[in-house]
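Comments concern the structure below.
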Amino acid sequence: MSYRLMYRFWLDMEKPNEEQLADKIELLKNARQFTATIRDGIRLICDLRAGNTDVLFELFPQFKTLLAPVDREAGLKDDITRLERLILEQGSQANNSQQSALAPLTGGRGIKQINTMPLAAPTFDDDNDLVVVKKSEGGGKQATQNFIKAMFALADS
């Protein structure tokens, strides 16, 4: 003799989600899949709440490849290589555009090399320097606004 249990639950048809659920239940019953779906659904929810994915991968093996851990280090190396290539390409494009812009000025012969001496470091005379610090008249609001404008200008460029 088998031991069987029956569980009942209610759906509120005034709630759109539960009305859609009732429609799905009807389709599952007509296909004789309702009981199996309830069993699998409860197993799946309990397994996921426990932090496991065994039942998920058992019921939906296609998710195993989609949710497989990704080798982040290899992905980062690929990203770095791609960024380096883009930077080099942009640099060569910038050099080409600079040379083409200077060509008319030099008669198309490229940039003329000029022998230059290294510049000496600047010297400062600290003997008579007086720095006066005053409190801002605007209570710092103008400085804050200038700072914010400068930050937005950097973001736009």
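Residue numbering for the sequence shown follows my numbering, starting at -6 and increasing by one per position. C-beta: ideal position from N, C-alpha, C; glycine also.
Asked: Local conformation of R1 per DSSP, three classes; Found: coil
Asked: Boundaries of the alpha helix (DSSP H) in which E7 is found, first to last residue; Found: Segment: none, E7 is in no alpha helix (DSSP H) and carries neither H nor E.
Asked: T46 (DSSP reduced to helix, strand or coil); Found: coil
Asked: Unbroken alpha helix (DSSP H) run spanning F53, endpoints; Found: From DSSP, F53 is part of no alpha helix (DSSP H); its letter is neither H nor E.
Asked: Rounded Cβ spacing between E11 and L4 (contact assumed at less than 8 Å); Found: 4 Å
Asked: Reduced DSSP category for R75 - H, G, I as helix; E, B as strand; rest coil; Found: helix
Asked: Rounded separation between T46 and Q55 - CA only; Found: 13 Å
Asked: DSSP-derived helix/strand/coil call for R36; Found: helix
Asked: 8 Å Cβ cutoff met for L60 and V48; Found: no
Asked: Spatial neighbours of I18 in its chain, beta-carbon cut-off 7 Å, leaving aside the 5 residues before and after; Found: F27
Asked: Spatial distance of A146 from N139 (CA atoms); Found: 10 Å
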